[in-house]
Amino acid sequence: MDGFVDREVELSRLRDCYDSDVAALAVIYGRRRLGKTQLVRHWLSERDDAVVYPEEPFLDIGRWWYQEHEVDVVGFTDAGTMVVGECKFTNAPLDYSALASLEDHAAEIRWTPLGGGDPDIEYALFARSGATRSVREAVAERGDLQLFGLEDVTENA
3 MDGFVDREVE LSRLRDCYDS DVAALAVIYG RRRLGKTQLV RHWLSERDDA VVYPEEPFLD
63 IGRWWYQEHE VDVVGFTDAG TMVVGECKFT NAPLDYSALA SLEDHAAEIR WTPLGGGDPD
123 IEYALFARSG ATRSVREAVA ERGDLQLFGL EDVTENA
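Residues 3 to 159, numbered by this note's numbering, are exactly what the sequence shown covers, in order.
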């Protein structure tokens, strides 16, 4: 027994939402310290096909801007990782300038992990129409960069 008790209704709803043939959003809310994060972790531990990015849970997710700098998606984890993302849902492939711009903007984000020090930064590119060869090569060479296509987003919605 893992100390997880009496949450079958909530787990069933999460399973139904995930297994649905239509895109769905599960909103989990409640007062602090009621086990919302533990509920999701428990449900994810049952799944072989769930995609979690990154492996650590996010403390906060949103968008960020300051003066001329803007980042479409920013997530902070309790392990000290900052994930920054650029979303390009155009008909043209995402090119290397989008990655370079994301790196420049990410350098302006001021965040210190809970344990102090500098954050580990990971980059996520979301592209409707794929990416240019230079971006695909960068993804293949770098461990801090991932590319997501429209299929990746819709398959895991």
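Cβ coordinates follow ideal geometry from the N, Cα and C atoms, glycine included.
These numbers come from a predicted model, not from an experiment.
- In its chain, beyond the 5 residues on either side, F60, I63 and V85 have a beta carbon closer than 6 Å to the beta carbon of G77.
- When only Cα atoms are considered, V7 and E48 end up about 15 Å apart.
- The alpha-carbon of K38 is positioned some 13 Å away from that of L46.
- Within the stretch 88-144, complete alpha helix (DSSP H) segments of at least 4 residues are found at 98-108 and 135-143, given in chain order.
- In terms of CA proximity to E105, D146 leads the group R135, G119, D146 and L116.
- Considering only G117, R130 and A109, the residue with the shortest C-alpha distance to E124 is A109.
- Note: L149 is bridge-paired with L127 in the DSSP secondary-structure output.
- A contact between stretches requires three or more CB pairs, one per stretch, nearer than 8 Å, and the stretch 88-104 meets this requirement with the stretch 117-136.
- For L16, there is no enclosing beta strand (DSSP E); the residue is found in the alpha helix (DSSP H) stretching over E10 to D21.
- Counting C-beta atoms within 10 angstroms of its own C-beta, G87 has 16 or more neighbours from the protein chains shown and is therefore classed as buried.
- Look at V24 here: in three-state DSSP terms it is coil, with no helix or strand label.
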